[in-house]
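Only one structure is covered here, and it is reproduced in the block below.
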Amino acid sequence: GFGPRYLHSTGQLHKGGPPSGLFLQVVDDTGEELAIPGQPFGFGKLIRAQAAGDFASLQERGRRVARIRLEDV
1 GFGPRYLHST
11 GQLHKGGPPS
21 GLFLQVVDDT
31 GEELAIPGQP
41 FGFGKLIRAQ
51 AAGDFASLQE
61 RGRRVARIRL
71 EDV
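Residue 1 is where the sequence shown starts when you use our numbering, and the numbers rise one by one after that.
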């Protein structure tokens with residue numbers, strides 16, 4: 001995946017820990033797509049897929065989650 005080293009541990013806590021959090025995703029779908037050498041997709045698509053998967057996973061576990069898209073602000 002793409003993100004800091006602690007992301008895996010915090011993801012486990014958020015998705016597997018007690019349902020006491022309120023989660024907010026701030027995403028930016030604007031900007032130029034940066035190619036990933038040897039892949040049919042770029043970093044933007046990869047990051048959007050990761051954010052969408054995290055959002056869906058939190059929802060499936062009954063967590064309170066919202067998303068703000070910067071282009072909507």
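We put the beta carbon where it would ideally sit given N, CA and C, even for glycine.
Would you list the residues sitting across from residue i in a DSSP beta bridge?
i, result
"Q73", "For the record, residue 73 in the displayed sequence is Val; it is not Gln. Answer is none; V73 lacks a bridge partner."
"F42", "Note on identity: in this sequence residue 42 is Gly, with Phe being the wrong assignment. BP columns for G42 point to A35."
So, at 8 Å on beta carbons, what are the nonlocal neighbours of residue i in its own chain, with the 5 sequence-adjacent residues on each side left out?
i, result
"G31", "G44"
"R48", "V27 and D29"
Which of helix, strand or coil does DSSP assign to residue i?
i, result
"Q59", "helix"
"G1", "Confidence is the limiting factor: at G1 the pLDDT is only 48, short of 50, which leaves the residue's position unreliable, though a coordinate-based value still follows. DSSP places G1 in coil when its eight states are reduced to three."
Roughly how many angstroms separate the alpha carbons of residue i and residue j, rounded to a whole number?
i, j, result
"L70", "R61", "26 Å"
"F41", "A56", "21 Å"
"V73", "Q25", "13 Å"
Got a sec? Which residues, its chain only, sit under 6 Å from residue i by beta carbon, not counting five neighbours each side?
i, result
"L34", "G42 and F43"
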